[in-house]
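Trainee:
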Amino acid sequence: MINQLLRFTPILKEKIWGGNKLQTILNKETDKSNIGESWEISDVEGDVSIVTNGDLKGQSLNALIKEHKQGIVGEKVYQIFQDKFPLLIKFIDAKKKLSLQVHPNDILAQKRHNSLGKTEMWYIVNADKKAKIIIGFSEETNKESFLQTIESENELELLNVDYVKKGDTFLVPAGRIHAIGKGVLLAEIQETSDITYRISDWNRRDAEGNKRELHLDLAVDAIDYSAKSNYKAEYIKKKNAPSNIVDCKYFTTNFLHLTKDLPVDHFDKDSFVIYMCVEGSATFVYNDKKETLEMGETILMPACLKKMNIVTDNVKLLEVYIK
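Numbering-wise, this note's numbering puts 257 at position 265 of the sequence shown, and it's gapless, one number per residue.
1) What is the DSSP secondary structure of K308, reduced to helix, strand or coil?
2) Kindly list the residues whose CB is nearer than 6 Å to the CB of S41, restricted to its own chain and excluding five residues on each side of it in sequence; keep chain order.
3) Nearest by alpha-carbon distance to K261: which of W31, Y278, Q(-4) and C296 is it?
4) Would you mind reading off the limits of the beta strand (DSSP E) that contains N152?
5) Looking only at C-alpha atoms, which of I228, I(-6) and L254 sits nearest to E59?
6) Comparing alpha-carbon positions, which option in R196, N152 and A171 lies nearest S218?
7) To the nearest angstrom, how far is it from the Cα of E143 to the Cα of E132?
8) Are the beta-carbon atoms of G128 and I187 separated by less than 9 Å?
9) Do you know offhand how far I228's Cα is from G46's?
10) Is the stretch 79 to 92 in contact with the stretch 159 to 166, if contact means three or more CB pairs nearer than 8 Å?
11) Residues in the same chain with beta-carbon distance under 7 Å from V349, minus the five sequence neighbours each way, listed in chain order, please.
12) If you compare alpha carbons, which of L80, L108, K49 and E37 is closest to D72?
13) List the endpoints of the continuous beta strand (DSSP E) containing N118.
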């Protein structure tokens, strides 16, 4: 039985659109430049997270699941996903805007790539003034009309644009077209999948003058062409109690703004629980042990651990698990 919370070495990814906020705001240590992503918890092949604390230091997440099974992820989760961890947890820094893209759903991803699809959510950690995102369509459309806007380089004509600020949250189901705009630092929670169909890269070229590959032919059949009046997740921000932000089949995410200590128990959950610190700091006290979580850090509570105290005078956390 595992008797500790799990911290992991962040896997930092250089991106053509990346910046330095992961270092300057979230205190990620690196000598690289243009860091666009910090993979906090990952079981993606080739990028599996390694434990950095306690008796399990140096072990991989995948090896721990193979050894401890439901002790890490929970009985129901293990029955579905077996030895694969089902979520990929990231922080993303967009110094420049990302490509316009879409992710396939589970059925299409399985058929084309033998993979999970990619439903994700965003929590805005920090945003420059007038920073914005593209998410979904502003009006219902169809494949033919959308292709016309791409061919005429009027991509924005049918798309919904939202200005964002710290604390805004968005669910991005598989099939929903989207792009993170420049000046946005966010936390991303998603299915364990790295499949992205790039629709437009705004005629961007890399340092060698090359354009990145596009996947328009794959994307058009993956896109949901319906529209919503509001794409932002609306929720009531309570203090010192969980506020539910997103509740979908892939993950549940709560927002916790604590200004005092909070005893926590998860006896009602058959799942691991992840905590991402998006502001302030807190100390997790359990079994005569403790781990302090600072802004920009992430920790995994194995399913076999059920109780702890969160000690703080001011912290904002994302709490993530699977129902």
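The beta-carbon is built from N, C-alpha and C at its ideal position, and this holds for glycine as well.
In this text the structure is predicted, and so the values were computed from the model without any measurement.
Mentor: On the basis of the data shown:
1) Along the sequence shown, read from residue 1 onward, the residue named residue 308 stands at position 316. If DSSP states are grouped into helix, strand and coil, K308 belongs with the strands.
2) One-based indexing of the sequence shown puts residue 41 at position 49. Correct list, in chain order: F0, I33, S34 and L53.
3) Position 269 of the sequence shown, counting from 1, holds the residue named residue 261. With distances taken between Cα atoms, K261 lies closest to C296.
4) Here residue 152 corresponds to residue number 160 of the sequence shown, with the count starting at 1. From DSSP, the beta strand (DSSP E) with N152 extends over L151 to Y155.
5) Position 67 of the sequence shown, counting from 1, holds the residue named residue 59. Of I228, I(-6) and L254, the residue nearest in Cα terms is I(-6).
6) The residue given as residue 218 occupies position 226 in the sequence shown. The option with the nearest alpha carbon to S218 is N152.
7) Locating residue 143 in the sequence shown gives position 151, where the first residue counts as 1. Locating residue 132 in the sequence shown gives position 140, where the first residue counts as 1. Cα-Cα distance, rounded: 19 Å.
8) Numbered from 1 along the sequence shown, position 136 holds the residue referred to as residue 128. Numbered from 1 along the sequence shown, position 195 holds the residue referred to as residue 187. No, Cβ-Cβ distance for G128 and I187 is not below 9 Å.
9) The residue given as residue 228 occupies position 236 in the sequence shown. The residue given as residue 46 occupies position 54 in the sequence shown. So the alpha carbons of these two residues sit roughly 36 Å apart.
10) no
11) Absent from the structure is residue 349, since the part of the chain shown begins at -7 and ends at 315.
12) Here residue 72 refers to the residue found at position 80 when the sequence shown is read from its first residue. Sequence inspection shows Ile at residue 72; the Asp mentioned does not correspond to that position. Nearest option by C-alpha distance: L108.
13) Within the sequence shown, the letter at position 126 stands for residue 118. Looking at the DSSP string, the run of the beta strand (DSSP E) that includes N118 is E112 to A119.
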